[in-house]
Amino acid sequence: MDSEFVGADVDELKRLIRGKILFRSDAEEYFEATECFNHDSRASPFVIVQVLGARDVQLALNFARGRHLSVSVAGGRHMFNNASMSGDLVVDMRLMRSINVDPKEKTAWVEAGAIVFDLDQEAVTHDLAGVTGQYYDTGVAGFTLGGGVGYLSPKHGLSVDNLLAVEVVTPSGEHLYIDDKTDPEKMWVARGAGWNLGVVLRLKLKLHTLEIFQKDEKKVHGHAGLVMWALTGETVDPIVSILEKYLQMVDSEKLPVETQPLFAFGNPPPFGGAPVLLMQHVWVGNPADGEAFLKEFTDILPPTVDTCDALDWIGIQAVHTPMFPKGHRYYLSMRAANEEALFRPGTVRTLTETALEEKPKEALIVLLASGKACTEVPIGRTACTSLRESRITCLAGCHVEDKVENSDAYEKAKIWVRETLVGGVVPIFKPSVYTNLDNVNFKEESKQSAYADTAKERIATIKSELDPTNLFKFTKVR
Ligand SMILES: Cc1cc2nc3c(=O)[nH]c(=O)nc-3n(C[C@H](O)[C@H](O)[C@H](O)COP(=O)(O)OP(=O)(O)OC[C@H]3O[C@@H](n4cnc5c(N)ncnc54)[C@H](O)[C@@H]3O)c2cc1C
């Protein structure tokens, strides 16, 4: 296929580009560049252009237009549907990772190849942090452009609520600076459907001050870790009580903004594949208060595993990592919860019994209250509408180590996930997909949507203005 890329335009691209061009013939480097977090599928684009600035992006897009190649953009390659690799030509941002923190203004300009770890490291030197993802190598741009829910969200909103400006090369090659003053409508799209603008080069994000505490003469910013309770016939009752307590706190708006507890039914390795209720406990603030908050749950049933401790921001950000091993095959969808069903008496018991008796061990169900500052915002304030629809988001998914012998179990678990999403025994899912966390493709697309009806039209209008020939044909406007 590389022979298709012989010609004056290829020579011109090679001569002018400051970054790097990879073809399939660049075997090892190309293979590494196409690797995504999710090993469920692997794309094989014709060419990857690792850009070093706006001009490189323009050259890559000119080349794609001239050859009628579709384009996609790769950031941290964490999106579960591997959309970043779907184009014939991939604009890869990985060489652009600089971060410029302004400690006085409490903002950072972040280049689009930067990962969460980069921003955390640069911001924390000023005891500042952004609303970033919970996995160290998630791309900050991809995370933010789709919504972005993190540990600071209960207090400070979604990542899009902290997005102040973007610098973009549009599909037609125009280089734009966009903020609320220069172009409020495009800025609105940037906040949740941002990949419809073209290639985002840099983002300006608001940062927040982390309170400092001391533990054993070390600086810490909170209290966090993983807690697990074995789920057996004997523990169903207290586990139901734990979850009911959590939902009551959400319902009565008593969940403190310092915390964003995540509860999951899964079968993690410490239990040899046996079912557990897992709590990801994160408290950003006084560790003593975090400990007291956790005790409200552990007093109901003493946990079998408890890794919680006073941690600094980098330690807190690492808590989530063991939950999602890299390089597994993943199939999942995160959606707004159907609150009416979830909060109905009896639902939590049915959910718990289902997790014990029917859930395949490869599968997991997650409940996450994204937090007050996310759901207080009117639904149409930003293009990210699904995360505002309900106080709880739920995830159903499954994953296996990427080995042929796991294929059968994986396929069976996938069927269970699909059935659970459309109803199953506990119909707790709405069709509103959080676009950043979804690779479940139903044939009838009307069954699911990432955007509220009012948002779809606004996104589609900007998309057709900026990309009339649909060069970026894989971006999601539905
Ligand atoms: C283990 C794990 C944990 C996660 N935890 C969270 C979480 O806590 N909260 C949360 O909100 N999400 C979470 N996510 C989802 C994550 O936010 C999304 O996967 C996000 O889109 C990843 O961004 P990326 O740049 O790494 O991925 P990519 O796959 O590289 O990009 C994601 C999308 O953005 C587009 N894109 C990327 N960069 C640009 C750019 N510069 N210009 C235009 N378009 C661009 C890509 O084309 C693609 O469509 C998690 C994902 C994983 C795998």
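Numbered per the working numbering, the sequence shown spans residues 1 to 478.
Don't be surprised by glycine CBs; every beta carbon is placed ideally from N, CA and C.
It should be emphasised that the depicted structure is a prediction, and the values quoted were computed from it without experimental measurement.
What I want to know is whether the C-beta of Ser72 ends up closer than 7 Å to one or more non-hydrogen atoms of ligand 1.
Here the question's residue 72 lines up with position 72 in the sequence shown. True, at least one ligand heavy atom lies under 7 Å from that Cβ.
Supposed close pair Asn286, Ile428 - CB separation, criterion 8 Å:
As a position in the sequence shown, residue 286 is number 286, starting the count at 1. As a position in the sequence shown, residue 428 is number 428, starting the count at 1. Not quite, the Cβ-Cβ distance comes to about 33 Å (not below 8 Å), so this is no contact.
**Message:** By the DSSP assignment, the alpha helix (DSSP H) with His156 in it spans what residues?
**Reply:** The count along the sequence shown starts at 1 and reaches residue 156 at position 156. Note, His156: alpha helix (DSSP H), Ser153 to His156.
| query | Can you tell me where the alpha helix (DSSP H) with Ala230 in it begins and where it stops? | reply | Here residue 230 refers to the residue found at position 230 of the sequence shown. In the DSSP assignment, Ala230 falls outside any alpha helix (DSSP H) and lies within the beta strand (DSSP E) extending over Gly222 to Ala230.
Q | Contact test: Ala318 Cβ vs ligand 1 heavy atom, cutoff 7 Å | A | As a first step, residue 318 must be located in the sequence shown, where it is residue number 318. No, the Cβ of Ala318 stays beyond 7 Å of every heavy atom of ligand 1.
Reference Ala336, options Leu437, Gly222 and Leu203, closest by Cα | What you label residue 336 is simply residue 336 of the sequence shown in a count that begins at 1. Taking only the C-alpha atoms, the option nearest Ala336 is Leu437.
- prompt: Applying the criterion that 16 or more other CB atoms from any shown protein chain within 10 Å of the CB defines a buried residue, is Gln214 buried or exposed?
  reply: Indexing the sequence shown from 1 puts residue 214 at position 214. Its Cβ having fewer than 16 others within 10 Å, Gln214 is exposed.
Assumed close pair Gly75, Leu52 - CB separation to whole angstroms, cut-off 8 Å:
By 1-based counting over the sequence shown, the position of residue 75 is 75. By 1-based counting over the sequence shown, the position of residue 52 is 52. Gly75 to Leu52, Cβ: 15 Å. No contact.
Out of curiosity, what's the CA-to-CA distance linking Thr125 and Asp312?
Position 125 of the sequence shown, counted from the first residue, corresponds to residue 125. Position 312 of the sequence shown, counted from the first residue, corresponds to residue 312. Within the model, the alpha-carbon separation for Thr125 versus Asp312 is close to 11 Å.
* Asked: For Trp188, which of Thr209, Ala224 and Thr144 has the nearest alpha-carbon?
  -> Indexing the sequence shown from 1 puts residue 188 at position 188. The shortest C-alpha separation from Trp188 is found at Thr144.
Flag this pair as yes or no: are the beta carbons of Lys155 and Leu128 separated by less than 8 Å? Reading the sequence shown from its first residue, position 155 is the one you call residue 155. Reading the sequence shown from its first residue, position 128 is the one you call residue 128. Not closer than 8 Å, so no.
Does the segment 467 to 477 come within contact of the segment 189 to 198, defined as at least 3 CB pairs closer than 8 Å?
yes
Exercise. When you compare each of Glu234, Pro261, Glu253 and Arg94 to Leu243 by their alpha carbons, which one comes out closest?
Worked result: One-based indexing of the sequence shown puts residue 243 at position 243. Comparing Cα positions, the closest option is Pro261.
Using CA coordinates, which residue listed in Leu332, Val366 and Pro360 is at the minimum distance from Gly273? Locating residue 273 in the sequence shown gives position 273, where the first residue counts as 1. Nearest option by C-alpha distance: Pro360.
Straight-line Cα distance separating Glu258 from Gly504
Missing from the structure shown is residue 504; the chain here goes from 1 to 478 and no further.
Assigned secondary structure, Asp118 (DSSP; H/G/I helix, E/B strand, else coil): In the sequence shown, residue 118 corresponds to position 118, counting from 1. Looking at Asp118 - three-state DSSP - the assignment turns out to be helix.
Delimiting residues of the alpha helix (DSSP H) encompassing Gln248
Mapped onto the sequence shown, residue 248 falls at position 248. If you look at Gln248, you'll find it in the alpha helix (DSSP H) that goes Val236 to Asp251.
Exercise for the section: Measure from the alpha carbon of Met334 to the alpha carbon of each residue in Leu16, Val10, Val433 and Glu457, then state which is nearest. Expected result: To locate residue 334, count along the sequence shown from 1; it is residue 334. For the residues Leu16, Val10, Val433 and Glu457, the minimum Cα distance to Met334 belongs to Val433.
Notebook entry, point to check: Is Pro431 helix, strand or coil when you go by DSSP?
Noted result: As a position in the sequence shown, residue 431 is number 431, starting the count at 1. Looking at Pro431 - three-state DSSP - the assignment turns out to be strand.
Q | Own chain partners of Ile314 with C-beta closer than 7 Å, once the 5 adjacent residues on each side are dropped | A | Counting from one through the sequence shown, the residue named residue 314 turns up at place 314. Around Ile314: Asp120 and Val124.
Just the C-alpha distance for Thr382 and Gly146, rounded to the nearest angstrom, thanks.
The residue labelled residue 382 in the question sits at position 382 within the sequence shown. The residue labelled residue 146 in the question sits at position 146 within the sequence shown. Cα-Cα distance, rounded: 10 Å.
So for Ala318, helix, strand or coil by DSSP? Along the sequence shown, one-based indexing puts residue 318 at 318. Three-state DSSP puts Ala318 in coil, outside helix and strand.
- Query: Could you give the residue range of the alpha helix (DSSP H) that holds Ile462?
  - Reply: In the sequence shown, counting from the first residue as 1, residue 462 sits at position 462. It spans Asp453 to Leu466 - the alpha helix (DSSP H) in which Ile462 sits, taken as one unbroken run.
Note to self: Below 8 Å on the Cβ atoms is my contact criterion, and I expect Met85 with Ser72 to pass it. Report the Cβ-Cβ distance as a whole number of Å.
What the structure shows: In the sequence shown, the residue the question calls residue 85 occupies position 85. In the sequence shown, the residue the question calls residue 72 occupies position 72. Contact annotation, Met85 with Ser72: C-beta distance approximately 7 Å; criterion of less than 8 Å satisfied.
Quick one: what does DSSP say Val200 is sitting in, helix, strand or coil?
To locate residue 200, count along the sequence shown from 1; it is residue 200. The three-state reading of DSSP puts Val200 in strand, counting E and B together.
Start and end residues, alpha helix (DSSP H) containing Asn338 | Here residue 338 refers to the residue found at position 338 of the sequence shown. It is not in any alpha helix (DSSP H) - Asn338 carries neither H nor E in the DSSP assignment.
So, using beta-carbon positions, are Ala318 and Gly380 closer together than 8 Å?
Locating residue 318 in the sequence shown gives position 318, where the first residue counts as 1. Locating residue 380 in the sequence shown gives position 380, where the first residue counts as 1. Taking a C-beta distance under 8 Å as the contact criterion, Ala318 and Gly380 do not qualify as a contact pair.
### Query
Given a threshold of 16 other Cβ atoms within 10 Å of its Cβ, counted over all protein chains shown, does Ala8 qualify as buried or as exposed?
Along the sequence shown, one-based indexing puts residue 8 at 8. Per the 10 Å Cβ criterion, exposed.
Buried or exposed for Ile99, going by 16 or more other Cβ atoms inside 10 Å?
In the sequence shown, residue 99 corresponds to position 99, counting from 1. By the 10 Å Cβ count, Ile99 comes out buried.
Exercise. What separation, rounded to the nearest whole angstrom, lies between the Cα atoms of Asp467 and Asp237?
Worked result: Taking the first residue of the sequence shown as position 1, residue 467 is located at position 467. Taking the first residue of the sequence shown as position 1, residue 237 is located at position 237. Straight-line Cα distance between these residues: approximately 55 Å.
**Request:** Measure the C-alpha to C-alpha separation of Ala54 and Leu201 and round it to an integer number of angstroms.
**Result:** Mapped onto the sequence shown, residue 54 falls at position 54. Mapped onto the sequence shown, residue 201 falls at position 201. C-alpha separation (whole angstroms): 7 Å.
Quick one: is Asp2 buried, meaning 16 or more other Cβ sit within 10 Å of its Cβ, or exposed?
One-based indexing of the sequence shown puts residue 2 at position 2. Residue placement at Asp2 is poorly supported in this model, since its pLDDT is 49, which falls under 50; the coordinates still yield a value, given next. So Asp2 ends up on the exposed side.
My guess is that Glu401 and His320 are in contact by the Cβ rule of under 8 Å, so how many angstroms apart are they, rounded? Counting from 1 along the sequence shown, the entry for residue 401 is found at position 401. Counting from 1 along the sequence shown, the entry for residue 320 is found at position 320. Wrong, their Cβ atoms sit about 19 Å apart, outside the cutoff.
By a C-beta neighbour count over all protein chains shown, 10 Å radius and 16 as the cutoff for buried, is Ile316 buried or exposed? Locating residue 316 in the sequence shown gives position 316, counting from the first residue. When all chains shown are included, Ile316 counts as buried.
**Report entry** Helix, strand or coil at Leu262 according to DSSP, with G and I counted as helix
**Finding:** On the sequence shown, position 262 is the one that residue 262 refers to. Three-state DSSP puts Leu262 in a strand.
| request: Kindly indicate the opening and closing residues of the beta strand (DSSP E) around Phe474. | output: Within the sequence shown, residue 474 is the residue found at index 474, counting from 1. No beta strand (DSSP E) contains Phe474, which DSSP labels as neither H nor E.
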